[in-house]
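If you read the protein sequences in the order shown, they are chains A and B.
For the first sequence, the working numbering gives the first residue as 209, with consecutive numbering after it.
For the second sequence, the working numbering gives the first residue as 6, with consecutive numbering after it.
Cβ coordinates follow ideal geometry from the N, Cα and C atoms, glycine included.
Everything numeric in this text was worked out from a predicted model, so none of it was measured.
Notes follow the structure.
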Amino acid sequence: MTQPLLLDLRFKADPAWLGTVRERVRSTAMGLVHDARWVADVVLAVNEACVNVIQHAYQGNATGEIVLRMKQAGVFLEIALLDFAPPVAIEEIQPRALEDIRPGGLGTHFIRTLMDRCEYANLAGGTGNLLRMQKRLCAPPTSTLVGNTGN
Amino acid sequence: MQHETTQQDGFVVVSLSGEVDLSAAPEVRRLILEQVTAGAATLVKLAGVTYIDSSGIACLVEGHQAAKRKGSRFGLLQISEPVLSVLALARLDKVFALYNAVPGPAGG
């Protein structure tokens, strides 16, 4: 049986939206798991995914749109992030080596570390990209993220 | 994101508070590089930062690298728990000079 969406949000690819998106993701995740660390992991992963779309898929064009959907899929929280930008080269979505200290390149590392599964796809029709991420409910923490994560 | 720039014991202290994300990053970058490129010994105070993402971390790394090139001191002061968590996730917690208080006078 298909699980109902816990969150279905459409917003502009504008950095000014990020605070609102984090707040919605935080409250949705808290409804599933009452663990501040688990919730902080999810919030940061979604934030970083949005940042990647804003910077790399839309290349700063704030009129582009992003769709964020969250649902429970068995023992996982499943998050889908869609954009309608030109297709990105999926093979080029790689984190930088952490020993290579320089600004940028950390978002993909954060996503892969914090989530249990993530996969990228180009949408059919030649426009748009999809990132699907999953995080196990109540899994052992994957990071040291703790404490106040916003507001 | 709120900010304040003060001076203490020869350091310029750039204090940030609130959420440091992609929307705040251009301003944070400007605040830090303005001091570092002028050759000031610079501390970024992060006690009041409740959230930081990779964009905010990139500003700190850029300040660190600019200070290195300039030969001036650069460090992070009173890091909040959320910031420390993200620094650790990026394995950058051992890269920056971290201080609980303003260190001895920055003498040149």
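Pick helix, strand or coil for residue i, following the three-state DSSP scheme.
i         : result
Asp308(A) : coil
Val241(A) : coil
Arg340(A) : strand
Val107(B) : coil
Ala257(A) : helix
Ala224(A) : helix
Ala102(B) : coil
Ala248(A) : helix
Ala52(B)  : strand
Locate the beta strand (DSSP E) running through residue i, then write down its first and last residues.
i         : result
Cys326(A) : 325-330
Phe292(A) : Element bounds for Phe292(A): n/a, residue is neither H nor E.
Gln7(B)   : 7-13
Arg274(A) : Contrary to the premise, residue 274(A) reads as Ile rather than Arg in this sequence. It spans 273-281 - the beta strand (DSSP E) in which Ile274(A) sits, taken as one unbroken run.
Asp216(A) : 213-220
Leu21(B)  : 16-25
Gly80(B)  : 79-82
Kindly list, in the order they appear in chain E, the residues whose Cβ is closer than 7 Å to that of residue i.
i        : result
Arg96(B) : Within the model displayed, chain E is absent; protein chains A and B are what it includes.
How far does the alpha helix (DSSP H) with residue i in it reach, from first residue to last?
i         : result
Phe318(A) : 315-322
Lys73(B)  : 59-75
Gln40(B)  : 30-42
Val88(B)  : 86-94
Using a C-beta to C-beta distance shorter than 7 Å, which residues of chain A count as neighbours of residue i?
i        : result
Ser20(B) : Near Ser20(B) there are no residues of chain A at all, since even the closest Cβ is about 17 Å away, more than 7 Å.
Asp58(B) : Leu252, Asn255, Glu256, Val259
Rounding to the nearest angstrom, what Cα-Cα distance links residue i and residue j in this structure?
i         : j         : result
Glu24(B)  : His8(B)   : 11 Å
Arg230(A) : Pro108(B) : 35 Å
Asn359(A) : Ala221(A) : No answer about Asn359(A) holds up, because its pLDDT of 38 lies below 50 and its placement is not dependable.
Ala248(A) : Leu240(A) : 13 Å
Ala305(A) : Ala257(A) : 18 Å
Ile84(B)  : Lys50(B)  : 7 Å
His242(A) : Gln70(B)  : 39 Å
Arg34(B)  : Ala237(A) : 31 Å
Leu36(B)  : Val19(B)  : 7 Å
Val233(A) : Gln40(B)  : 36 Å
Leu38(B)  : Gln280(A) : 44 Å
Interface residues of chain A around residue i at Cβ under 9 Å?
i         : result
Val100(B) : Ile309
Ala63(B)  : Arg310, Pro311, Gly312, Gly313, Leu314
Asp26(B)  : Pro223, Leu226, Gly227, Arg230, Asn255, Val259
List the residues of chain A whose Cβ lies closer than 8 Å to the Cβ of residue i, in chain order.
i        : result
Ser67(B) : Residue 67(B) is actually Glu in this sequence, not Ser. Chain A residues near Glu67(B): Pro311.
Return yes when the C-beta of residue i is under 7 Å from any heavy atom of the ligand ZN, and no when it is not.
i        : result
Ala29(B) : Absent from the structure shown: the ligand ZN. Ligands present: none.
Which residues in chain B sit within 7 Å of residue i, going by Cβ to Cβ distance?
i         : result
Phe318(A) : Ser59, Leu94
Thr236(A) : Going along chain B, no residue has its Cβ under 7 Å from Thr236(A), so there is no contact; the nearest lies around 17 Å.
Is the region 270-286 of chain A touching the region 337-344 of chain A in the sense that three or more CB pairs, one from each, lie closer than 8 Å? The region 337-344 of chain A is in contact with the region 270-286 of chain A.
Are at least three pairs of beta-carbons, each pair with one atom in the region 299-317 of chain A and one in the region 91-106 of chain B, less than 8 Å apart? Three or more Cβ pairs closer than 8 Å define a contact, and the region 299-317 of chain A meets that threshold against the region 91-106 of chain B.
Should the region 40-48 of chain B be regarded as contacting the region 64-80 of chain B, the criterion being three or more beta carbon pairs within less than 8 Å? The region 40-48 of chain B makes contact with the region 64-80 of chain B: 3 or more CB pairs, one atom from each, lie closer than 8 Å.
Is there contact between the region 289-297 of chain A and the region 330-338 of chain A, where contact requires at least three CB pairs shorter than 8 Å? Yes, since at least three Cβ pairs between the region 289-297 of chain A and the region 330-338 of chain A fall closer than 8 Å, the two stretches touch.
Evaluate contact between the region 47-54 of chain B and the region 12-26 of chain B, counting only Cβ atoms and requiring at least three cross-stretch pairs below 8 Å. Touching, yes, given that three or more Cβ pairs across the two stretches are closer than 8 Å.
Are the region 76-95 of chain B and the region 59-68 of chain B touching by the rule of at least three beta carbon pairs closer than 8 Å? Touching, per the Cβ criterion.
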